[in-house]
Structures are given as C-alpha cells and as structure tokens.
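Below is one structure, written out as structure tokens, with a few remarks after it.
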C-alpha cells in the first residue's frame with residue numbers, strides 16, 4: 250500500500266503532449282474540459298511523484314512505465330488520444346504498435362487508424 254501523500258494526480262496524456270497533438274486548436278472551454286475530465290478512469294490517474302516527474306510531458310516513444318503495466322498504459326494512452334481526437338507522431342505510433350503486438354489481450358489496439366497519425 251502506498252501512502253496517498255506520496256501520490257500525484259497525473260494526466261495520462263500530459264497537457265503539453267495534448268497541446269502538441271491537437272489541443273492547440275481547441276477553444277478555452279475544450280482545453281478546460283480536457284484538463285479536468287473525470288468521466289473516464291484512465292484520463293487522470295494516481296501516480297507516484299517519482300514516476301510522474303520522470304514521465305513529465307513525454308509520450309511513449311520517450312517514456313514508459315514498468316513493463317508489468319505497459320500494455321494497460323498504452324491501451325489507456327490510446328483510449329485518451331482517440332477520445333479527444335488527438336494525433337500521434339511517427340515515433341509514438343511505432344512504439345505504441347510495437348508494444349501492442351506483445352500484449353496478450355484484445356484491450357490493446359493491434360493497429361492504429363491512418364488518421365491517427367500526425368505529420
């Protein structure tokens with residue numbers, strides 16, 4: 250059991266990553282809705298302060314959690330990106346696809362739609 254005082258509330262897809270992935274085109278109301286969204290458990294997550302700081306605003310091409318939770322992490326990452334119509338860059342897509350291919354459950358997308366890629 251982890252002491253709650255050692256946890257942060259973390260945006261699974263960080264605000265800066267969302268901005269780079271399409272949120273920059275949103276109006277203020279949509280940006281606020283994204284920042285405070287509570288209707289999906291994967292959107293805001295409890296994370297250790299250490300892992301939250303290590304992740305910072307990086308996408309899965311540059312940071313991943315421990316191997317035991319990677320499949321869940323990329324499934325939830327993809328769910329958040331799709332829910333908010335956010336794009337992925339080529340490196341991010343390659344990493345998501347590579348990990349998904351190793352995941353044993355159908356919860357992970359095996360491929361990403363073409364319109365999901367940002368140039």
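Numbering (the numbering used here), first residue to last: 250 to 368. Quick reminder that beta carbons are idealized off the backbone N, C-alpha and C, glycines included.
Return yes when the Cβ of residue j is within less than 7 angstroms of the Cβ of residue i, no when it is not.
i: residue 291; j: residue 264; result: no
i: residue 344; j: residue 296; result: no
i: residue 273; j: residue 336; result: no
i: residue 281; j: residue 308; result: no
i: residue 348; j: residue 321; result: no
Do you know how far the Cα of residue j is from the Cα of residue i?
i: residue 312; j: residue 303; result: 8 angstroms
i: residue 360; j: residue 346; result: Summary for residue 360: the model assigns pLDDT 48, below 50, so the residue's position carries little reliability, and this model does not support an answer.
i: residue 287; j: residue 258; result: 12 angstroms
i: residue 328; j: residue 338; result: 16 angstroms
i: residue 230; j: residue 315; result: Coverage of the chain is limited to positions 250 through 368, which leaves residue 230 absent and any answer about it impossible.
i: residue 301; j: residue 253; result: 14 angstroms
i: residue 326; j: residue 306; result: 13 angstroms
i: residue 334; j: residue 275; result: 11 angstroms
i: residue 365; j: residue 331; result: Since pLDDT at residue 365 reaches only 47, below the 50 mark, its modelled position is unreliable, and the value read off the structure follows with that caveat. Roughly 8 angstroms separates the two Cα atoms.
i: residue 278; j: residue 324; result: 27 angstroms
i: residue 294; j: residue 353; result: 23 angstroms
i: residue 298; j: residue 255; result: 6 angstroms
i: residue 251; j: residue 268; result: 31 angstroms
i: residue 289; j: residue 351; result: 25 angstroms
i: residue 317; j: residue 283; result: 28 angstroms
From the DSSP output, read off the bridge partner residues of residue i.
i: residue 318; result: The partner list for residue 318 (beta bridge, DSSP) is empty, contrary to what the question assumes.
i: residue 327; result: Answer is none; residue 327 lacks a bridge partner.
i: residue 296; result: 257
TODO: Could you tell me which uninterrupted alpha helix (DSSP H) segments, each at least 4 residues in length, are contained entirely in the stretch 261 to 292, listed from first to last along the chain?
DONE: Complete alpha helix (DSSP H) runs here, min 4: 264 to 269, 277 to 284.
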